[in-house]
Amino acid sequence: MDAGQHADPRRPSLFRSLLSLLIMVALVVGLSWFLREFVIQPYEIPSGSMETTIMTGDKVFSERVSYYFRDIEPGDIVTFEDKEIPGRILIKRCIAVGGQTVDLVDGKAYVDGVALSEPYTHGLPSDPFASTLVDIAYPYTVPEGEIWVMGDNRTNSKDSRYFGSVKEKSVTGKACFIYWPLENFGVLQ
36 MDAGQHADPR RPSLFRSLLS LLIMVALVVG LSWFLREFVI QPYEIPSGSM
86 ETTIMTGDKV FSERVSYYFR DIEPGDIVTF EDKEIPGRIL IKRCIAVGGQ
136 TVDLVDGKAY VDGVALSEPY THGLPSDPFA STLVDIAYPY TVPEGEIWVM
186 GDNRTNSKDS RYFGSVKEKS VTGKACFIYW PLENFGVLQ
């Protein structure tokens, strides 16, 4: 290089290129972690407890933002920490919230004395379980700060009829849509 020639100032050095790449990777990883931790979480459905609303093997997103601004409501499909197996996440439909009374009579679910209209169960009976993890007597009043959850596939779901009500603080999000397989893609209601 002549004394009169200088390095092209527009051309980045190898060090600057590597530094830019590392910063970009750190931002992507950090943003990914933030989104999964505070905004949205993917889950794969391992069982048929929510069929036909959500099928075995479906992949769903559960969003966390809603419950920063509003309470869990009956009808919400929620993801929550399993009471029996630490680290496992379950998905069920919220049937009742704290202060409401659940009763199961002649295969129908009642909340505060009113029979629920549940087309998503396709007429499957909502009967109590003979064998349960905890002692449950009906009618059952859900304690404040807890919810009562049941699978849409009532004859194939271990839910609050088996393990009792679930603490609201164990809820990890509201299932919002199925993203895989594409033929099942859609918003959950």
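Take 36 as the starting number for the sequence shown in this note's numbering and just add one per residue.
We put the beta carbon where it would ideally sit given N, CA and C, even for glycine.
Model, not experiment: these values are computed from the prediction.
Do you know offhand how far residue i's Cα is from residue j's?
i: Arg196; j: Gly92; result: 24 Å
i: Gly65; j: Val137; result: 43 Å
i: Gly221; j: Ile75; result: 16 Å
i: Val149; j: Gly186; result: 19 Å
i: Leu49; j: Ser55; result: 10 Å
i: Ile126; j: Gln224; result: 13 Å
i: Met36; j: Arg71; result: Any reading at Met36 is ruled out, since the residue's pLDDT is 48, under 50, leaving its predicted position unreliable.
i: Ala61; j: Phe69; result: 12 Å
i: Ile182; j: Phe96; result: 21 Å
i: Cys129; j: Trp215; result: 23 Å
i: Leu159; j: Gly142; result: 8 Å
i: Ser101; j: Tyr145; result: 26 Å
i: Gly83; j: Val184; result: 15 Å
i: Gly122; j: Thr190; result: 25 Å
i: Gly110; j: Ser67; result: 29 Å
Does DSSP classify residue i as helix, strand or coil?
i: Thr114; result: strand
i: Leu53; result: helix
i: Pro154; result: helix
i: Lys193; result: coil
i: Glu218; result: helix
i: Gly65; result: helix
i: Ser97; result: strand
i: Glu72; result: helix
i: Ile130; result: strand
i: Ile89; result: coil
i: Tyr173; result: coil
i: Ile107; result: coil
Using a threshold of 9 Å, state whether the C-beta atoms of residue i and residue j are closer than that.
i: Leu139; j: Ser161; result: yes
i: Gly134; j: Val169; result: no
i: Lys209; j: Val113; result: yes
i: Thr207; j: Ile80; result: no
i: Tyr173; j: Pro163; result: yes
i: Val177; j: Ala131; result: yes
From the DSSP output, which residues share a beta bridge with residue i?
i: Leu125; result: Phe115
i: Val201; result: Ile182
i: Gly208; result: Thr114
i: Tyr145; result: Asp138 and Ala150
i: Tyr78; result: Val95
If residue i and residue j are in contact, beta carbons under 8 Å, what's the gap, nearest whole angstrom?
i: Ser52; j: Phe115; result: That belief does not hold up - the Cβ atoms of Ser52 and Phe115 are roughly 46 Å apart, past 8 Å.
i: Ile107; j: Glu203; result: 6 Å
i: Glu119; j: Asn188; result: Their Cβ separation, rounded to whole angstroms, is 19 Å, which puts Glu119 and Asn188 out of contact at 8 Å.
i: Ile89; j: Ile171; result: In fact, because the Cβ distance is near 25 Å, the residues do not count as touching under 8 Å.
Taking Cβ positions only, does residue i come closer than 9 Å to chain B?
i: Thr207; result: Looking for chain B here will not work: only one protein chain is present.
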